[in-house]
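Residue numbers (this note's numbering): 78 to 1142. The beta-carbon is built from N, C-alpha and C at its ideal position, and this holds for glycine as well.
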C-alpha cells in the first residue's frame, strides 16, 4: 500500500491541530463573545484593512491547493514498469539491431526484416497510450471538488457591506452574511440568527439525510462534525433562513479542504488489481525461465560458434563464428517472443470493455476498466445507508389517529417507498368514508406544508423539505371524503389533487415559521365561510405539551387527560423504537386575535406574526388529532441482495453519517442483522470505533457491522484496515465526505442520481439507479468475467509454453530454425487473439454467486493445471518439430504422401548436422515446387537447409496454429469434458476459430503476405498431415481432465489444487 494510506488513521486529531502543529481555536465550543474577542472583530464593523492584510499574510487565500499530477513523460515511463513489457522492449530492440545487422551484411535492407520489431513497438505504444489515458483521469476528483466551492460572498469590512466579494478573498475573522440559497464560502461560526430558524443542507459533507437546523449556542469541544450545530461548512447550502457568521477556517484548513488533502493522499496509494499483481508475478517467473532456457540453448549449441583445439593438454586455436553466434542470438530473441503472450493486453482490454457493456445494461457504469476484474474478488462491501440501502425519499409508514374514546388509538400502515402518490396504499383504509378525525389530519398535513412533488421522467422528486413532501404523498393516499371528489382530476398536473382540493376549501393567510425552540410550524387558514383556524404540525412531545384537548373519531372534542396523553406517548415510543421520525398534528379554532385577520399588514394581529417569540402562546390550548411516523425506507430489493451477498461469502458493512438508532432499525429490516440479534458489539459510532484498542479485530467479526455518525476519516480508516487485512473492499458513497474513502477502496462506487460530481470522479464505478442490488449483480458479473479471463489467460499461456518447447527442441536437436519471431508474433497476436477474446463470452456458471470469493492471493494456475500445460506444451513442441523433420526425412507419413512437390529426402543425421553441409562430398538436391514458386539449389545445395526449409517451416507454423485453435476448445472448461461442455456452448468461439483459420489461409495464399511471413501454400495432402498432427491435443487434454476429475473424487480438481498453495504463475 502507498504511503498515503498509512497516515489516514493519524488524522483523527485533524480538527484539533493545524498543519503547523498549533492548537486550533475551537470556535464551536466557545460562546459568541469569546469568538469575537479571539479574532478581535465586531459583527457590526468587520475586519479593518490593516487586520485584513495581516490575516492574509498568515492564512493566504481561501482556495484549495492545486496538486500537480505526474507529468506525461512520467506517466509514459510508468507504463514500462512491468516485467512482461520490459522483456518485450528488450526483444524489440535486439530484433531491430539484428535486422539492421543482417541488412548491412547482405548489402540490402528489406522492410519485411523490420516487421517484427515494428509490431512489438506498436504493441508497446498502444499499451502505453491506454495506461496514460486511464491514469490521467486520477486528479479529476480534485477538480470536481473545486466546482462546489462558492465564488461570491457577502461580507462586512470597515463597517460596510460588500455584497459581491470574491469568496477566495475571505480570511479568518471576516464577518459574512448568509441567505437562503447561498453556498457557504468557508467554515464559519454562527454569531446571530436573523431569521427565526436557519437550516443547512450538509449531507454531502456529513452524510446526514436531512437539512440540519443551526443555532448560536456552543457545543462540547470533542463533538463530531454532525454535532457542531453552531458551525456552517464550506461547500454546503443554506436552505432556510439567514444569519451572520464569523469565518474561522479557510482554504485547506476547512472540512472540505481536509477532504481535498485526503483524496490527494488516497490517489497516491492506488494498488494494482489482483489480476495485475498475478501477471506481474508471472512476468518475473517468466523472465527467469527465459533466461534459463536461453542459457541452455547457448550451452547446447556453443560448439557451433565457439571451438578450440587442445595443444599439449591446454585449449588453444580458439575459433569464433560471429554468423553462428548471431544465429543463436536470434533464436534467443525468438524464445523471448514465443514465451510472452503479446496479445494478452489487447485481449484483456477487449474482455473488460465487453464486461463494461454488460454491466451498463445492469445500471452499473464502469469508469476504469480494471475495476471489472477487481469486482469479481470483492470480499467486503462497505455501503452507505442513505440512498443506497434506502430510497433517499422520505415516506410515511405509520399513521396514528384517535378512536371513539380519548384513550383509544387507531394505527394504519402506509405502504410505498417513493414520492409517487400511486406507490402503495394505506391498509384497512375507509376510502371515501373518512371520519372527521381523519379529515382533520389530512387537512393539516396538506395545508401546513410548503413542499411539492414533481414527476421527472419515471421518477418523482420532492420540491422542498422531504418530510413535508412525504406528508403530501400521504394525503393523496388518504383520498377525499364523499362529496369532495367532484371537480378533481388525476392527470399529470394534478399529482397532488387532494392537497389542492383542501387548499381550495381552506385558504392559507399566514405562516408561523418553524423554529428550534417550539419545534413546530403553524399556518392560519380561512375557510370559504370566513372562519379562521390554526393548523399545527411538529415534534409530537412539543405539540402534545401545548395541547389541552383531543379530537375523537366522530369529531367530538374532549379534554386531553393523562390517560389519553399516555396512550399517545406509548404509540410515539413504539414508533420511535422502529426509528421512525414522528410528527404530531393539532389545530385550534378559537383565535380571538385573528378572528378577523385576512392577511392585511395593517391588521393589529399582524404585529404578532412578526415576532417569533409570540408563536408559542398563539399555538397554545391546541386540539390534538394524531401523528405520523416517517422514515427513509429501505429499497424493496435490498434484503434479497444482502442474502445473495451472504451466500456468496461477501460481508456487508454499513457506514453512515446518520444517527445510530435509525441505522440499526434499517439494518435489522434489510437483514444485515437478525431481528433479535444482539448487536451491542457490532454497532458502533465512528468515534467509538476509533477509540477501540484493537479496531482490526472488531472488523474481523463474522457477519454484518454498522458504523453510524461516521466522518470521512472514520470511513478511510475502516477501508485502510480492511485492505491491510487482505480484504478486497468495495465502498459506496454519494457525498463529498465519501470521496477519500472511494478513492482509497479497491472499488469505489458512486451514486449516479444522488451522487455529487466529486464522488463520481473519485469512483471506479457509478450506479445509474443508486441501488445496492445493482452492486451485487455487478459483483456476479465481475466474477463471471474473471473466470472467463482466467480461461483465456490460461489458454494463451499454454499456447506460449508450446511455442517455447518448439524452439527449445529445435535448438537442442540442432536442426534448422523452424519458426521465426515474426511468425510467432502473428500467432500470438492475430491467430490466438480471436479465440482468446471469444473465451470471454463463455456462459457464466449458474452457481457463481453461491461460491465464496476468491482470495486475492489465489494462484492463477494451480500445480495440476501447470502440469497439464507442460505436457500439452511438450506435445506442441514435438508436433511442430516432428512435422519439420518428417518433411525432410519421409516421403509419406501415416499413408499421407508428401512427395508430390518433388523435394529431396535427407537422413536425420544430415538434418541435425546441416551446418557441416559444405564438407559433404557429392551432396545434391533436386528442385521442388511450392504453389507457383520453384526452388532450385544447383548453385549451392546447402541452401536446401536455409531457403529450402520454407515448406517445412510452413508445415510447422500450420501445425502450431491448428493445435492452438483446437486447444481453445479445451479452455472452454477447466476440468469439464467437451462431452459435457460442447463447443456450441460458446458459438462465438467457433466463429473465432473460423476467423483465425481464415486469417492463416490469407497469409498462406496471398503472395505478398506469404513473402512477408516466409511461408508458401500447402497442398491438400499436407493439410491432412497438419490436422492429423494437431487433433491429438484434444484427446490428450481430455485424458488429463479425466485424471484430474478422478483424483478429486468430484467433478473438479479442486482437491488437487488445494494441496498446493504455492503460486506457480
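Buried or exposed (CB count within 10 angstroms, at least 16 for buried), residue i
i            : result
residue 114  : exposed
residue 893  : buried
residue 372  : exposed
residue 341  : buried
residue 710  : buried
residue 397  : exposed
residue 1123 : exposed
residue 984  : exposed
residue 445  : buried
residue 105  : buried
residue 971  : exposed
residue 532  : exposed
residue 1216 : Since the first residue of the chain shown is 78 and the last is 1142, residue 1216 is not available in this structure.
residue 1044 : buried
residue 868  : buried
residue 544  : buried
residue 498  : buried
residue 1114 : buried
residue 941  : buried
Whole-Å CB distance - residue i paired with residue j, under 8 Å assumed
i            : j            : result
residue 883  : residue 958  : 6 Å
residue 279  : residue 327  : Contact doesn't hold; Cβ gap of about 18 Å is too wide.
residue 1027 : residue 1103 : Not confirmed; about 16 Å, so no contact.
residue 503  : residue 555  : 7 Å
residue 1067 : residue 1060 : 6 Å
residue 455  : residue 795  : The Cβ separation is near 15 Å, so there is no contact.
residue 739  : residue 281  : Not a contact, Cβ separation roughly 19 Å.
residue 1048 : residue 931  : No, residue 1048 and residue 931 are not in contact; Cβ-Cβ is about 18 Å, not under 8 Å.
residue 275  : residue 317  : 6 Å
residue 429  : residue 449  : 5 Å
residue 467  : residue 233  : Residue 467 to residue 233, Cβ: 42 Å. No contact.
Given residue i as reference, the closest of the options once Cα atoms are compared
i            : options                 : result
residue 399  : 379, 1114, 391 and 417  : 379
residue 477  : 659, 577 and 339        : 659
residue 541  : 162, 141, 1061 and 287  : 287
residue 981  : 1021, 1011, 949 and 951 : 1021
residue 766  : 755, 791 and 779        : 791
residue 475  : 832, 698 and 651        : 651
residue 323  : 534, 269, 672 and 298   : 269
residue 620  : 608, 596, 637 and 611   : 596
residue 163  : 150, 130, 109 and 197   : 197
residue 535  : 116, 551, 500 and 275   : 500
residue 911  : 1041, 599, 403 and 229  : 1041
residue 760  : 751, 737 and 743        : 737
residue 1197 : 617, 418, 296 and 490   : Here the chain has residues from 78 to 1142 only, and residue 1197 is not among them.
residue 788  : 122, 201 and 301        : 301
residue 320  : 330, 537, 293 and 337   : 293
residue 615  : 704, 170, 755 and 776   : 704
residue 119  : 253, 891 and 613        : 253
residue 888  : 272, 375 and 234        : 375
residue 672  : 626, 525, 603 and 724   : 603
residue 472  : 618, 462, 305 and 496   : 496
To test your reading of the DSSP string, which unbroken alpha helix (DSSP H) runs of 4 or more residues are found completely within the region 234-305? When DSSP assignments are scanned along the region 234-305, the uninterrupted stretches of alpha helix (DSSP H) that are 4 or more residues long and fall wholly within it turn out to be 280-283.
Quick one: complete alpha helix (DSSP H) runs, 4+ long, within the region 465-543? As for any alpha helix (DSSP H) of minimum length 4 sitting wholly inside the region 465-543, the runs are 513-524, ordered along the chain.
At what residue ranges does the region 683-720 contain a whole run of the alpha helix (DSSP H), taking only runs of 4 or more? Counting only runs of 4 or more, we get 683-686 and 692-695.
Where in the region 1009-1062 do unbroken runs of the alpha helix (DSSP H), each at least 4 residues long, occur, reported from the N-terminal end onward? Annotation note: the region 1009-1062 contains the following uninterrupted alpha helix (DSSP H) runs of length 4 or greater, listed N- to C-terminal: 1027-1047.
Is there contact here, the region 801-816 with the region 834-842, by at least three beta-carbon pairs under 8 Å? They touch, by the three-pair rule.
Touch check for the region 507-518 and the region 581-598: three-plus C-beta pairs under 8 Å? Taking a cut-off of 8 Å on C-beta distances, the region 507-518 does not touch the region 581-598, as fewer than three cross pairs fall below it.
Which full runs of the beta strand (DSSP E) of 3+ residues lie inside the region 786-873, going along the chain? Listed in chain order, they are 806-810, 824-828 and 842-844.
Would you check if there are 3 or more beta carbon pairs closer than 8 Å linking the region 622-637 to the region 711-726? Contact between the region 622-637 and the region 711-726 is absent: fewer than 3 CB-CB pairs across the two stretches fall below 8 Å.
Alpha helix (DSSP H) segments (min. 4 residues) lying fully within the region 587-636: Taken in chain order, the whole alpha helix (DSSP H) runs of length 4 or more contained in the region 587-636 are 617-622.
Counting only runs that start and end within the region 905-930, where is the alpha helix (DSSP H) found for 4 or more residues in a row? List check, alpha helix (DSSP H) in window: 910-916.
Enumerate, from N- to C-terminal direction, the unbroken alpha helix (DSSP H) stretches of 4 or more residues contained entirely within the region 121-151. Within the region 121-151, the runs of alpha helix (DSSP H) that reach at least 4 residues and sit entirely inside it are, in chain order, 126-136.
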